[in-house]
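Notes to accompany the following structure.
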Amino acid sequence: MIELSWLDLSLAAGLVLLLAGLLIHIGLDKLSLRLIIAGLRTTVQLFLIAWVLKFLFAQDHPFWVSLMALSMCLIAGYEVMSRQQRRFTGWWGFGMGSAAIFVSSFLVTLFTLLVLIQADPWYRAQYAIPLLGMVMGNTMNGISLSLDRLTQSAWQQRASLEARLMLGYGWSETIAEIRRDSVRTGLVPILNAMAAAGIITLPGMMTGQILAGSPPLEAVKYQILIMFLVAAGTGFGTLIAVSLGARHLFDQRERLCLQRLEEARH
Amino acid sequence: MTCLHVENLHYQALGPFSFELHGGECLGLSGPSGAGKSLLLRALADLDAYQGTVLLNADACHQLPPTQWRRRVGLLSAESHWWADRVGAHFHAVNDAQLASLGFEPAVLGWSIHRLSSGERQRLALLRLLANQPEVLLLDEPTANLDPHNSTVVETLIQQQRDLHGVAVLWVSHDAAQLARVAQRRLHLVNGRLEYLA
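Going line by line, the protein sequences match chains A and B. Each residue of the first sequence is one higher than the one before, counting from 4 in our numbering. Each residue of the second sequence is one higher than the one before, counting from 187 in our numbering.
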């Protein structure tokens, strides 16, 4: 593998700076600032994670691996909450997304580590953390998209939802269509990614392995595995989150409880 | 005989309200906008949280499944809402005679919702509700969007429900003349107080 020098990275950063300058030139000052901040964040965050991974790989202790996994889950849960236009009030806003991410990505990743990859030991950080990261990142995306769709639709369609309740429909029947829409919304990105893989896009992980010198066939096998895991993780996570969310829009007496949603302050 | 028994009902910051509504009877409810008339109907249909006792015959509201309660105590909101494209998709069951009684042909079930005028929507919303065969009807300005002819048609249909099926009716209206026409007793809700009008 050809190693990158600091000069290489600086030259690549130069491209981003050039773009930032161009944006300022056409009056997009704020966007330019955001680009630079995003570039700095990427650099700092990725270097930090490199240190963390280096530490984790050196220790390879189940405690550190689980600590890392748990913090990833909590951060993802927070991220899901902060991406909602209308989020559930109180602990539900954070708990619903985190619980769905936790159950779905952990189970899918555990299954992969124990049954498919069978590294020795099975919790080996080199496999566990990247796999969990990829499954969790995509699951988080699906869950936040679907919950956003769920709460927005319920808010907009409150009158027709209540019309159904008034006619004696149960809560589940009342919200069924919105629930299906929300699940569909959550699954669209991974469906698109799977359909486009290899034709329109070369998936990042596979590209990385090829750059690192893996034979294309091995890289592709890993990529297919990842695609399936991500699809399963995203799908299960989205189903869990949407089910919990849809139920929580109604109280015990099957009344629509939109006061359980609050508008995000941003 | 049906009887809706309301005792010490509190909802939002309003109440306590107590009254009884008997089968075949129509109780009129008037009051200024924002007095809480619609909220009263919503509480009675168990769509909003409330404190107090609401009984339908011997059945307490909180002891029945909410879906069953709302089929027996049917609320017709001031504005009707539709969720599917076709009229027919909103009906559990409907017979041609009922459609005809409000001036519709059976083909209306195949119509697109967007073709309906606001008056047609309101009349169909009433039929949609009657398909549940409710024992109590909570009507929130049921003729607000209707012309005089159609108002009379609706009044007649409600009267039939009372006479033939012993349905109890709580009728909210701003139209004092209409309430004088349809209701035996009249309640007035103002400043958080519920009073009988002579």
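Cβ atoms here follow ideal geometry from the backbone N, Cα and C, with glycine treated the same way.
Residues of chain A with a CB under 9 Å from the CB of PRO128(B): which are they?
No information on residue 128(B) is available, as it lies outside the stretch 187 to 384 that chain B covers here.
Is there at least one Cβ from chain B nearer than 9 Å to SER185(A)'s Cβ?
Position 182 of the first sequence, counted from the start, is the residue given in the question as residue 185(A). By this cut-off, SER185(A) is not an interface position.
Is it a yes or a no for the stretch 185-202 of chain A touching the stretch 196-208 of chain B, going by three-plus beta-carbon pairs under 8 Å?
no
Could you compute how far the alpha carbon of MET28(A) sits from the alpha carbon of SER35(A)?
Position 25 of the first sequence, counted from the start, is the residue given in the question as residue 28(A). Position 32 of the first sequence, counted from the start, is the residue given in the question as residue 35(A). Here residue 28(A) is His; the residue named in the question, Met, does not match the sequence. Roughly 10 Å separates the two Cα atoms.
Residues of the stretch 150-164 of chain A with a CB closer than 7 Å to any CB of chain B: list them in chain order, please.
ALA162, SER163
For TYR197(B), does the three-state DSSP call read helix, strand or coil?
Translated into the one-based positions of the second sequence, residue 197(B) becomes position 11. Reduced to three states, the DSSP call for TYR197(B) is strand.
Kindly indicate if chain B contains any beta-carbon less than 9 Å away from that of GLU82(A).
Taking the first sequence and counting its residues from 1, the one referred to as residue 82(A) is at position 79. GLU82(A) does not count as touching chain B.
Through-space distance from GLY80(A) to GLY98(A), alpha-carbon basis:
On the first sequence, residue 98(A) is found 95 positions in, with the first residue counted as 1. On the first sequence, residue 80(A) is found 77 positions in, with the first residue counted as 1. Those two C-alpha atoms are separated by around 7 Å.
Measure how close the beta-carbons of ALA234(A) and MET197(A) come, nearest whole angstrom, since I'm counting them as under 8 Å.
Translated into the one-based positions of the first sequence, residue 234(A) becomes position 231. Translated into the one-based positions of the first sequence, residue 197(A) becomes position 194. Confirmed, Cβ separation roughly 7 Å.
By the 10 Å Cβ neighbour count, where 16 or more other Cβ atoms means buried, how is PRO124(A) classified, buried or exposed?
Position 121 of the first sequence, counting from 1, holds the residue named residue 124(A). It counts as exposed.
So, VAL353(B) versus GLU327(B), is the Cβ gap smaller than 9 Å?
What you label residue 353(B) is simply residue 167 of the second sequence in a count that begins at 1. What you label residue 327(B) is simply residue 141 of the second sequence in a count that begins at 1. No, the pair does not count as a contact, with Cβ atoms beyond the cut-off.
Please report how far the alpha carbon of PHE239(A) lies from the alpha carbon of SER107(A), in whole angstroms.
Locating residue 239(A) in the first sequence gives position 236, where the first residue counts as 1. Locating residue 107(A) in the first sequence gives position 104, where the first residue counts as 1. The straight-line gap from Cα to Cα measures roughly 6 Å.
Just to make sure I have the definition right: I need the residues of chain A whose C-beta is within less than 8 Å of the C-beta of ARG256(B). Which are they?
Residue numbering aside, residue 256(B) sits at position 70 when the second sequence is read from its first letter. The answer, in chain order, is LEU168, MET169, LEU170, GLY171.
Just by C-beta distance, which residues in the stretch 191-208 of chain B are closer than 7 Å to chain A?
none
Measuring alpha carbon to alpha carbon, tell me which residue in ALA128(A), GLY173(A), LEU247(A) is nearest LYS57(A).
On the first sequence, residue 57(A) is found 54 positions in, with the first residue counted as 1. Of the listed residues, the one whose Cα sits closest to LYS57(A) is ALA128(A).
I'd like to know whether the C-beta atoms of ARG167(A) and LEU233(B) end up nearer to each other than 9 Å.
If you number the first sequence from 1, residue 167(A) lands on position 164. If you number the second sequence from 1, residue 233(B) lands on position 47. No, the pair does not count as a contact, with Cβ atoms beyond the cut-off.
Helix, strand or coil at GLU306(B) [DSSP, three-state]:
Mapped onto the second sequence, residue 306(B) falls at position 120. In this structure, GLU306(B) counts as helix in the three-state DSSP scheme.
Residue closest to LEU225(B), alpha-carbon to alpha-carbon, out of GLN364(B), LEU383(B), LEU365(B), GLN198(B)
Sequence index remark: in the second sequence, residue 225(B) carries index 39 (1-based). Nearest of GLN364(B), LEU383(B), LEU365(B), GLN198(B) to LEU225(B), Cα basis: GLN198(B).
Which full runs of the beta strand (DSSP E) of 3+ residues lie inside the stretch 245-286 of chain B, going along the chain?
259-262
Quick one: give me the first and last residue of the beta strand (DSSP E) that CYS76(A) is part of.
Here the question's residue 76(A) lines up with position 73 in the first sequence. Careful: CYS76(A) lies outside any beta strand (DSSP E), inside the alpha helix (DSSP H) at 65-85.
For HIS351(B), write down the residues that DSSP places opposite it in a beta bridge.
Mapped onto the second sequence, residue 351(B) falls at position 165. Answer is none; HIS351(B) lacks a bridge partner.
Got a sec: is the Cβ-Cβ distance from GLY222(B) to anything in chain A below 9 Å?
Along the second sequence, one-based indexing puts residue 222(B) at 36. Closer than 9 Å: no.
Quick check on GLU327(B): does DSSP put it in helix, strand or coil?
As a working mapping, residue 327(B) is identified with position 141 in the second sequence. Note: GLU327(B) maps to coil in three-state DSSP.
Indicate the three-state DSSP secondary structure (helix, strand or coil) for GLU6(A) in the structure shown.
Counted from its first residue, the first sequence places residue 6(A) at position 3. Three-state result, GLU6(A): coil.
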